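There are 2 protein chains.
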Amino acid sequence: MKNTLTHASEDYLKAIYALSANGAAANTTALAARLGVAPASVTGMLKRLAVTQPPLIVYRKHHGVTLTPAGERAALEIVRHHRLLETYLYRTLGYTWDEVHEEACRLEHVISEDFEERIAEALGHPVRDPHGEPIPTRELTMPPFEAVPLSKLRPGQRAVVQRVHADDPALLRHLQRLGLTPGVGLTVDAYDEFDHNLQIKIDAQADPLVLGTAITDKVFIEVIA
Amino acid sequence: MKNTLTHASEDYLKAIYALSANGAAANTTALAARLGVAPASVTGMLKRLAVTQPPLIVYRKHHGVTLTPAGERAALEIVRHHRLLETYLYRTLGYTWDEVHEEACRLEHVISEDFEERIAEALGHPVRDPHGEPIPTRELTMPPFEAVPLSKLRPGQRAVVQRVHADDPALLRHLQRLGLTPGVGLTVDAYDEFDHNLQIKIDAQADPLVLGTAITDKVFIEVIA
DNA sequence: AAACTGATTTAGACTACCCTAAATCTGATT
DNA sequence: AATCAGATTTAGGGTAGTCTAAATCAGTTT
Ligand SMILES: [Mn+2]
Ligand SMILES: [Mn+2]
Ligand SMILES: [Mn+2]
Ligand SMILES: [Mn+2]
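The listed protein sequences correspond, in order, to chains X and F.
Using the numbering used here, the letters of the first sequence map in sequence onto residues 60 to 284.
Using the numbering used here, the letters of the second sequence map in sequence onto residues 60 to 284.
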């Protein structure tokens, strides 16, 4: 528990956490893609993470990987660092929401628990990061969060944007230009069942938008009535 | 110039900069002691730093090492990061002057030039860190600084403390308790030529202090008249 | 000028990553 | 039940950094 993890291990744990969020095991190829390394490198790291004391993952060859309770705590620790840092960079240092990810992804591995606590305090213990993603508590529990993507809505439904599940700066800038940010209310006007495009009308915007699933799968909403 | 250095290389360059500040070459043993590694490890790293393109150091076997202009720029870059971070942690996040070093020593290697510029701006482009040490400019020139240690003073002389050249938290807390911090005025009352102790009287303090060279060598002052 | 001593380098080994190319496994299809 | 395709692991190799133990060097002393 007190043995110090490397930056690389921490990024692997974070990726496993993200890819096994739905309870299923994360697989080698998806991890390799997300981490930007070769599949063989992933296999090597999984072997190492499985034999630490205590083990951080359960790894069954050819059948994917899940986090142990210790591994999940380690992952949530890094996610908390990451999202607190994003929030701090955004609110205190004037970063834009497309700039925060890259800086936070490096800082998250080197800040102390003291630093974590001080920025949490300075920010008033925030519950969401600038993208609306929930910040794990100090006790490392993940708050409940919206699981309904905009893509699931159908004409006539109203919703409020809660979180945007994206790191890519270009996509984030695009969403910003569209006005599709947390807190925004919208109504679905039309749905195309062949290309799955959704036509929506954002509150206080004159013109409707037509959005593909590349966007609507990443925007999570809360349905209103 | 754009090739990215490892954290370890950066710490070596910073150490070489510190140990060759007086123009002389830094030697293997001193580097090993300061970096907390074996002398053989230093030799290995020096060989690597000497053959980078461009070379960062001039290394002559058995005769020590100096920084090339490129190496000095790299070192000053890290020193600027370190001291700006110390200043930021101290002023903005409420760290004490004995807590800042350790955190800054990890952060200095991962912050972006953008982060550097933003905290410099937020702090009003400070010229000194919390210990009074000069912060290299954005253009990577080192401002002039006091080279006279308190230990050089003799009875009758008056001085103002300018900087404290120390990282050790215990020593820093001790100096704080003594009231020996940048900006403080003092007068030398007595000098013992055998043990080199100095008796000083700090302005606005009732009782005089007797200090050994472990302290007086680390406190740099400006002589007044 | 040889010997000594402490500093330094070399030799050899280890861990943590990463890679490419070549096996091998799994689950689906015939 | 054999085959096939794609996913995965293994094999083998590389870099960066660390260590200990064994040379070796340089400057000083005899
Ligand atoms: Mn990261
Ligand atoms: Mn933490
Ligand atoms: Mn450092
Ligand atoms: Mn910089």
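Ideal Cβ positions, reconstructed from N, Cα and C, are used throughout, including at glycine.
On a predicted model such as this, the values are computed, not experimentally measured, just so you know.
Contact belief for X:His141 with X:Glu161 at Cβ below 8 Å, rounded distance in angstroms: Not confirmed; about 11 Å, so no contact.
Residues near F:Leu64 by beta carbon distance below 7 Å, same chain, minus five either side: Ala133
F:Ile261 CB to nearest heavy atom of ligand 3 below 8 Å: no
Buried versus exposed, by CB contacts within 10 Å (16 or more), F:Pro189: buried
X:Leu143, DSSP secondary structure in three states: Correct three-state label for X:Leu143: helix.
Alpha carbon of F:Leu135 to alpha carbon of F:Ala85, nearest angstrom: Spanning the two alpha carbons is a distance of roughly 16 Å.
When F:Pro193, F:Glu252, F:Ala83 and F:Leu90 are compared against F:Asp70, the one with the closest alpha-carbon: F:Leu90
7 Å CB neighbourhood of F:Ala249 in its chain, flanking five on each side removed: Pro214 and Gln258
Under 5 Å, CB to nearest heavy atom of ligand 1: contacting residues: X:Asp70 and X:Cys164
Beta carbon of F:Val247 nearer than 9 Å to that of F:Leu234: no
Bridge-paired residues (DSSP) for X:Thr246: According to DSSP, X:Thr246 bridges with X:Arg217 and X:Lys260.
Best match in F:Lys260, F:His122 and F:Leu143 for proximity to F:Ala268 [C-alpha to C-alpha]: Per the sequence presented here, residue 268 of chain F reads as Leu, with Ala not at that position. Ranking F:Lys260, F:His122 and F:Leu143 by Cα distance to F:Leu268 puts F:Lys260 first.
Local conformation of X:Ile194 per DSSP, three classes: coil
Per-residue burial, F:Ile194 [other beta carbons within 10 Å of its own, 16 or more giving buried]: buried
Contacting residues, own chain, Cβ-Cβ under 6 Å from F:Arg197 (five flanking each side not counted): none
Residue-level contact to chain X via CB, F:Val58, 9 Å cutoff: With chain F running from 60 to 284 in the structure shown, residue 58 of chain F is simply not present.
Selected residue, minimal CA-CA separation from X:Val243, among X:Asp254, X:Asn256, X:Asp226 and X:Gly191: X:Gly191
Spatial distance of F:Ala129 from F:Gln221 (CA atoms): 29 Å
Minimum C-alpha distance to F:Ala225 - residue among F:Leu126, F:Asp276, F:Tyr147 and F:Leu115: F:Asp276
Test item: CB-CB of F:Glu180 and F:Arg139 under 9 Å: no
Cβ of F:Arg177 within 9 Å of any chain X Cβ: yes
9 Å Cβ cutoff, F:Tyr149 in contact with chain X: no
Ligand 3 heavy atom lying under 8 Å from the CB of X:Glu145: no
For F:Ile274, the first and last residue of its enclosing alpha helix (DSSP H): Where F:Ile274 is concerned, the enclosing alpha helix (DSSP H) stretches over Thr272 to Thr275.
Contacts that F:Ser48 makes with chain X (C-beta to C-beta distance below 9 Å): In the structure displayed, chain F extends from 60 to 284; residue 48 of chain F sits before or after that span and is not available.
X:Asp251 versus X:Lys211, X:Ala284 and X:Ala83, residue with shortest Cα-Cα distance: The closest CA to that of X:Asp251, considering only X:Lys211, X:Ala284 and X:Ala83, is found on X:Lys211.
Simplified DSSP state of X:Ala179, which is helix, strand or coil: DSSP, read as helix, strand or coil, puts X:Ala179 in helix.
Segment limits, beta strand (DSSP E) that includes X:Leu126: From DSSP, the beta strand (DSSP E) with X:Leu126 extends over Val124 to Leu126.
Close beta carbons around F:Arg232, own chain, < 6 Å, minus the five adjacent residues each side: Asp157
Through-space distance from X:Pro208 to F:Ala77, alpha-carbon basis: C-alpha of F:Ala77 to C-alpha of X:Pro208: approximately 55 Å in a straight line.
Which listed residue (X:Gly95, X:Leu245 and X:Asp254) has its alpha carbon closest to that of X:Ala284: The shortest Cα separation from X:Ala284 among X:Gly95, X:Leu245 and X:Asp254 belongs to X:Leu245.
Cβ-heavy atom distance, F:Ile283 to ligand 3, below 8 Å: Remark: the shortest separation between the CB of F:Ile283 and any heavy atom of ligand 3 does not fall under 8 Å.
Distance between X:Arg236 and X:Leu182 (C-alpha atoms, nearest Å): 27 Å
Residue nearest to X:Asp227 in terms of C-alpha spacing, selected from X:Ile280, X:Thr155 and X:Pro185: X:Thr155
Three-state class that DSSP yields for F:Glu131 in the structure shown: In the three-state scheme derived from DSSP, where H, G and I count as helix and E and B as strand, F:Glu131 is classed as helix.
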